[in-house]
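Enquirer:
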Amino acid sequence: MLTAAASTLVFGWAEWSTWKASRTAIPAGATDPRHITSGECVLVLGNPLPILHRWRVRIAVRSTDPDRARFVFSGGAVRTTVPEAKMMADYAVHTLGVPAHNVVIEDRSTTTVENIRYSAPLMAGSPAIKIASDTFHARRARRILRDESPQLADTLVRARDYLPGEGGPLHAVLVAFECYRERRASASDR
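With the working numbering applied, the sequence shown has no gaps in its numbers, which climb one by one up to 214 at the end.
#1: Enumerated in chain order, which unbroken segments of the beta strand (DSSP E) with a length of 3 residues or greater are wholly contained in the region 58-89?
#2: Check the C-beta distance from Ala49 over to Arg166 and give it rounded, since I have them as a contact under 8 angstroms.
#3: Under 8 angstroms, do Leu187 and Leu180 count as touching if we go by C-beta distance?
#4: Flag this pair as yes or no: are the beta carbons of Ile140 and Ala183 separated by less than 8 angstroms?
#5: Run the CB neighbour count on Pro174, radius 10 Å, all protein chains shown included, and call it buried at 16 or more, exposed below.
#6: Just curious, the alpha helix (DSSP H) that Glu172 is in, first and last residue?
#7: Pick helix, strand or coil for Ile140, following the three-state DSSP scheme.
#8: Taking 8 angstroms as the threshold, find out whether the region 73-80 comes into contact with the region 111-123 through three or more Cβ pairs.
Below is the structure:
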């Protein structure tokens, strides 16, 4: 009985933490991920693991109307021979039906900061920007965009990176990883 209660508490906390992170570092009033603006840009952040970059592409596609948005796939060849951006774009176009003419590839970046830095010029002039990644990574990217280009950050709109219970215990795993990442970052700042 105690184990079931503890599990419920942990998973409930993970869901709440993920829900909250999905709404952080976004301008006031821009938290409705179902709002679609014609010509908006969806920045999809790379990851060398196919299961994760495909999930990020699915987040991007469910966050917009693929016929009305521009997709910027960002990521170089970090642990692969093919740039992450190219793998994600191929999956988007050939599997999910994103029109190829709505795809832009940024394939030089090797970090999240570089994803933002190198993609910013490709997003300039967009009426709205959504960042597609797992929830905590997207939050970190939104904060980096705010530091790198406050003007672009003012056009941020929430992507549909959080769906309640998505992936079963996945949110709990991602919360644990984010806690680890933040502790490691604060330890290196000392």
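Note that beta-carbon positions come from the ideal geometry of N, C-alpha and C, so glycine has one too.
Expert: With the structure as the only source:
#1: 65-69
#2: Yes, Ala49 and Arg166 are in contact; Cβ-Cβ is about 4 angstroms, under 8 angstroms.
#3: no
#4: No, the Cβ-Cβ distance between Ile140 and Ala183 is not below 8 angstroms.
#5: exposed
#6: Thr159 to Glu172
#7: helix
#8: The region 73-80 vs the region 111-123: in contact.
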